[in-house]
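A quick write-up on the structure given underneath.
Numbering (the UniProt record's numbering), first residue to last: 1 to 1147.
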């Protein structure tokens, strides 16, 4: 084991994480502990000391931005090392860094699919669907499934429909199926998961593990109530309270008898009388001996808390006899089967619709990658090869992994999986992230089957932030609620380079009244920070600015109050949110206009458009136009025909304009229509003149981009675009306003806690702590749970009513436990974003605050029933609390800081005008070239093979489909060559010489799969294909192991042997090799050419082929060099001319 260098800045734990090996390693890296730096250093150490190649490592990150940052860090670290130790191995890594597999898991899956699509019978022509397109298609697929069942409904379908639908729509049933879809596809085998859902209902009995778990939960709750009764009764053990004490003791005796199996518990608890606290009334001679009123109230509250626990147990677990509850569950098996069937059909229909449109979504990436890597649960040869290839797999943010992703990673893991994460920051439950995967390894790894390393030292925050975070979470987070014990291993330890100046964490509770004060308080706090605050930056202080401040919220929904208040204080403000875009005036106006272009009989949208900045009808004019109770558009038509007034002329102009756009919408796309409206109505110019014009302009231009994205999808037309927008609004899937700010913009940022993950800010204002936790997922009739299955309410078809089942009550409790745990982790993420100071603020009533202060934060029952973050924080009593009942009146002038303007010399203008960019020559260098581009620079025209043309068929990046009136136009040589390459990509290598029937069958199969068109098939030289099948090269390729359409990216200096002086980045060369095969341990590459070989006068076809080989010498040299670098062994190559035969490539 390597010892830590004396001058190293790493802690012992970090160094252990950097050099640990020989087994799987789990690094529990707390917030701010430098996990990214550790990951990068581990990779560098692997490269330097173990001489591992970058192509032997797989690095998986959570986001593309993280992957880009990590690749750049590794690149810079290798460059620094090359300067000090310029070995050949390190120089090779500088070349390999550009093709290093440092990416998100989805990108890794996509690479697998592009390389091995043929093993899963997937058409290689596909693209990635946008979230919006995927959601639309999912809804359409669900429509198809439901229509099919409505056409021929079964009894189970009718019953389930009645159960889950209302008298107005079946949306609740559709929502349930969609919810089950997302849960199912988060499993490695979704259809199997769905198929087994009814098993729980068929097999349930009083001895089932779930019932036993409920039984244990009931006993635990009863014991908790018993403890509360004993504690309260003990304080009444005096002659004064004899009556109350004796009653409590008698009740305690009954509680102590409660035990046994589930049936025994039912009888004991149903026979138990409800507790009622006897009144505290006494004779006058005993009054002086009583406890004070507050103590008595506390005792009464304790009795009532115990009573509530017992009542909850009875309501949740014993609302009917155990036999009846079990029978209810048995009867629901058919409904659960039907739900599983509907979901399974949705998966199949959705998958089919995606294939027809040649699109994939991120779920497909994961499941198709699994199909490539696993067969019947066992690794395929591809997976086994990857196990040998990857000497180590490094996974960042492992706590946010789901079950499918875990299965993918384990299928290619050969005992060298390095996982980094922090389960306390697992906040993506809505994406089916499974923190239990992390926790299982954290508990199970004991040094023999895996190693756990804790990184607890925080290098981000001041001591006060660390200590107060520990103070709060050590009291509320444990394994029961929070899913992990916040013990000495999980606590943060101070390690940042701050001075000892005090920066106390603030807990501000605003007492609710008629006026909302929170936004006003936040504005004043920001002005105070900017006026007096400082930031410790690079071992010295600088004044705090607006950009040093972030406001964090659980969910950013309504920012109007903050924006209005901040405007009063002249606070620059930006909302970093995926919401609010469709609510902006400019977008609402344009969407309303598009709606009435599609259908003018929509009064609200028509009046909205008329009243808008674009057409400027005022209230009086709109009242004059309203002539009847018919559609407003009809009133406008009648008004225009009836009257000869200025208003009538205005109406005629609008109707003419609307007709013009309606006519255009039938023939042009949505983007073109929007451009026409923007240009003719000066839309961007008009809205740019309003307050916030720059943001409005960006939003309007952003709508153009979104319409273009829409038209690149499988949907077309204005109606579908409006449906697309409606779907986004209905599903609360907003885009968020277009970001026009740089990272350095001096503004206060408001963002969700999810958005802030991975970021840090000097001042964090964690607000809206008085808002309730979101428990909407637990309110429906259907409650899925990844660990337990699916719970549903019972439906009585005869009397048409439903009620909770034993499962729905238990699943709701477990779901609440998981949701509260996730909410705690969100709180932890918010707390740990702060560097200088953490400022907490929330609103509460006096009564709430008083009740929270009396609670024991460590009490599990209290935490599970908490409804707000502020409730948990106050109950810990870990922070000094400031109660704010009202704000002093402050004038605007009193809060605006003075601005001092310093005159500046105009010399900077001259200096800027005379500035000469020092790298002008490097601007002429391409950052990336294709091999074909380089070949063309040597004045060779390879019409047959280009990177662009091959990609066209492989990735559907462009289409050569021509308008019908041009369909007879002759294809170019390049297009014919690409067609031939496409056929060769699917040519069967079985060693048999083909005849015309075989070739016809092959082409028809490609037509059926829509890989080529029928017209294209007529351009294929079938005789050339038959000749190829009879060639010696074909026989060798059939015997060997083949890889077709093999892409590569490599540094140009490696291929040319010439370094480019002063180049800040290495120019890259990309290419695609038609085929590589391995025979008897030797690798060969083949490049197919469709060139017409015309012999010179007196020459032969062989001479013409040799002449052509010279033209391709540069291209073949690059292919050979690239392959030899990848394979680390000599490679031979062939050029195959369809007009002649194969020629070996000259070395």
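The beta carbon of each residue, even a glycine, is placed where N, CA and C say it ideally should be. On a predicted model such as this, the values are computed, not experimentally measured, just so you know.
Query	Result
Within 10 angstroms of the Cβ of residue 776, are there 16 or more other Cβ atoms? Answer buried if so, exposed if not.	exposed
Using DSSP with H/G/I as helix, E/B as strand and the rest coil, what is residue 482?	strand
Per DSSP, what kind of secondary structure is residue 167 in: helix, strand or coil?	coil
Tell me, please, whether the stretch 800-810 touches the stretch 828-838 by the rule of three or more beta-carbon pairs shorter than 8 Å.	no
Helix or strand or just coil, what does DSSP make of residue 1078?	strand
DSSP has residue 930 in a bridge; who is on the other side?	1070
Comparing alpha-carbon positions, which option in 267, 272, 277, 223 lies nearest residue 248?	277
Could you give the DSSP three-state label for residue 789: helix, strand or coil?	strand
Could you check whether the stretch 139-146 touches the stretch 365-379, counting it as contact only if at least three pairs of C-beta atoms, one from each stretch, sit closer than 8 Å?	no
Looking at C-alpha atoms only, which residue of 926, 607, 1138, 266 is the closest neighbour of residue 977?	1138
Look at residue 1113 and residue 1146 and say whether their C-beta atoms are less than 8 Å apart.	yes
At the level of alpha carbons, what is the spacing between residue 687 and residue 696?	6 Å
Counting along the chain, where does the alpha helix (DSSP H) carrying residue 672 start and finish?	670-681
Helix, strand or coil: which one does DSSP assign to residue 537?	strand
What does a CB cutoff of less than 8 Å around residue 489 pick up in its chain, not counting 5 residues either side in sequence?	28, 454, 456
For a test of the three-state rule: what should DSSP assign to residue 762, helix, strand or coil?	strand
May I ask you to report which of helix, strand or coil DSSP gives residue 1109?	helix
Whole-angstrom Cβ separation of residue 186 and residue 403, contact assumed at under 8 Å?	6 Å
Residue 305 and residue 262 - do their beta-carbons sit closer together than 8 Å?	no
Whole angstroms is fine: what's the gap from residue 362's alpha carbon to residue 128's?	8 Å
Of the choices 821, 393, 865, whose alpha-carbon is the least far from that of residue 52?	393
If you measure between the beta carbons of residue 159 and residue 797, is that distance less than 8 Å?	yes
Could you give the distance in angstroms between the alpha-carbon of residue 161 and the alpha-carbon of residue 331?	16 Å
With distances taken from CA atoms, which of 120, 84, 87, 72 is nearest residue 102?	72
Is there contact between the stretch 563-570 and the stretch 579-598, where contact requires at least three CB pairs shorter than 8 Å?	no
Give the straight-line distance between the Cα atoms of residue 406 and residue 367, rounded to the nearest whole angstrom.	12 Å
My understanding is that residue 1076 touches residue 1118, with C-beta atoms under 8 Å, so please give their C-beta distance in whole angstroms.	So it is not a contact: roughly 14 Å between Cβ atoms.
Between residue 266 and the rest of its own chain, which residues show a CB-CB distance below 6 Å, the 5 nearest in sequence each way excluded?	318, 322
If you draw a straight line from the C-alpha of residue 94 to the C-alpha of residue 574, how long is it?	40 Å
So what's residue 958 in DSSP terms, helix, strand or just coil?	Summary for residue 958: the model assigns pLDDT 39, below 50, so the residue's position carries little reliability, and this model does not support an answer.
Let me know the alpha helix (DSSP H) ranges lying completely inside the stretch 220-277, each 4 residues or longer, listed in chain order.	242-256, 262-271
Name the residue from 699, 1098, 721, 1131 whose alpha carbon lies nearest to the alpha carbon of residue 1080.	1131
Going by beta carbon distance, what residues of the same chain come within less than 8 Å of residue 12, once the five residues before and after it are set aside?	4
For residue 511 versus residue 845, is the C-beta distance shorter than 8 Å?	yes
Return the CA-CA distance between residue 359 and residue 138, expressed in angstroms with no decimal places.	12 Å
Determine the direct distance from the alpha carbon of residue 716 to that of residue 585, and round the result to whole angstroms.	26 Å
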